[in-house]
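Q: Numbering (my numbering), first residue to last: 2 to 87. Ideal placement from N, C-alpha and C gives every residue a C-beta, glycine not left out.
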């Protein structure tokens with residue numbers, strides 16, 4: 002996947018994860034969250050033998066969203082606060 006694909010996937014996954022779990026990271030924060038989520042989700046999915054992040058397709062978006070939700074949970078657990086939508 003190219004850089005633009007990672008950015009688009011990150012934006013889509015980050016926005017969906019923020020919608021599901023609440024948050025207000027802004028567009029750059031959503032992109033970063035989604036990209037990190039895609040990496041984390043891809044690692045988890047590969048370890049479980051489910052699949053991987055291979056492009057802009059539904060499976061990759063689902064894996065990235067799950068990874069982004071995991072990242073949000075970890076961030077909230079380490080901060081000790083709960084982010085809410087503004």
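Please find out if some non-hydrogen atom of the ligand COA comes closer than 8 Å to the beta-carbon of residue 75.
A: With respect to the ligand COA, the structure offers nothing, as it holds no ligand at all.
Q: Please state the DSSP three-state secondary structure of residue 54.
A: Of the three classes helix, strand and coil, the one that applies to residue 54 here is coil, per DSSP.
Q: Just to confirm my understanding: we take residue 60, look at its own chain, exclude 5 residues before and 5 after, and list those with CB closer than 8 Å. What are they?
A: Excluding positions up to five away in sequence, the list reads 52.
Q: In three-state DSSP terms, what is residue 68?
A: Helix.
Q: Beta-carbon within less than 6 Å of residue 66's beta-carbon, same chain only, minus the 5 sequence neighbours each way: which residues are those?
A: Counting only Cβ-Cβ distances below 6 Å, and skipping sequence neighbours, we find 14, 17 and 18.
Q: Identify which residue in 6, 80 and 74 has its Cα closest to the Cα of residue 32.
A: The option with the nearest alpha carbon to residue 32 is 6.
Q: Residue 41 to residue 58, Cα distance in whole Å?
A: Their Cα atoms are separated by approximately 17 Å.
Q: I'd like to know whether the C-beta atoms of residue 37 and residue 68 end up nearer to each other than 9 Å.
A: Cβ distance < 9 Å, so residue 37 and residue 68 count as in contact.
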